[in-house]
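J.: The sequence shown begins at 177 in the numbering used here and counts up one residue at a time. Ideal Cβ positions, reconstructed from N, Cα and C, are used throughout, including at glycine. Because the structure is a prediction, the values reported are computed rather than measured. The structure under discussion is supplied below as structure tokens; questions concerning it will follow.
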Amino acid sequence: MKYVPTTAMVLIIVGALNWGLIGLGEYMGGQDWNVVGLIFGTWPGLANL
177 MKYVPTTAMV LIIVGALNWG LIGLGEYMGG QDWNVVGLIF GTWPGLANL
């Protein structure tokens with residue numbers, strides 16, 4: 177159970193950075209900078225997590 181807070185924090189940081197890049201990409205001209213989607217694009221369930 178001691179790894180749950182660390183795992184949650186990593187997921188929060190990765191998600192925040194990903195959404196920041198998505199917003200920045202939209203602001204810079206509608207580009208798709210979804211890093212999680214690019215990495216896990218073949219697994220949409222994991223990318224939606």
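With a threshold of 8 Å between beta-carbons, can Gly196 be considered close to chain B, or not?
T.: In the displayed structure, chain B is absent; only one protein chain is listed.
J.: From what residue to what residue does the alpha helix (DSSP H) around Gly206 run?
T.: Within the sequence shown, the letter at position 30 stands for residue 206. Looking at the DSSP string, Gly206 is not in any alpha helix (DSSP H), and its letter there is neither H nor E.
J.: My understanding is that Trp209 touches Gly201, with C-beta atoms under 8 Å, so please give their C-beta distance in whole angstroms.
T.: Locating residue 209 in the sequence shown gives position 33, where the first residue counts as 1. Locating residue 201 in the sequence shown gives position 25, where the first residue counts as 1. Confirmed, Cβ separation roughly 3 Å.
J.: Of the residues Thr183, Leu197, Met177 and Lys178, which one's Cα is nearest the Cα of Gly213?
T.: Along the sequence shown, one-based indexing puts residue 213 at 37. The candidate whose alpha carbon is nearest that of Gly213 is Leu197.
J.: If you reduce the DSSP assignment to three classes, tell me which class Asn194 lands in.
T.: Counted from its first residue, the sequence shown places residue 194 at position 18. Asn194: helix per DSSP, three-state reduction.
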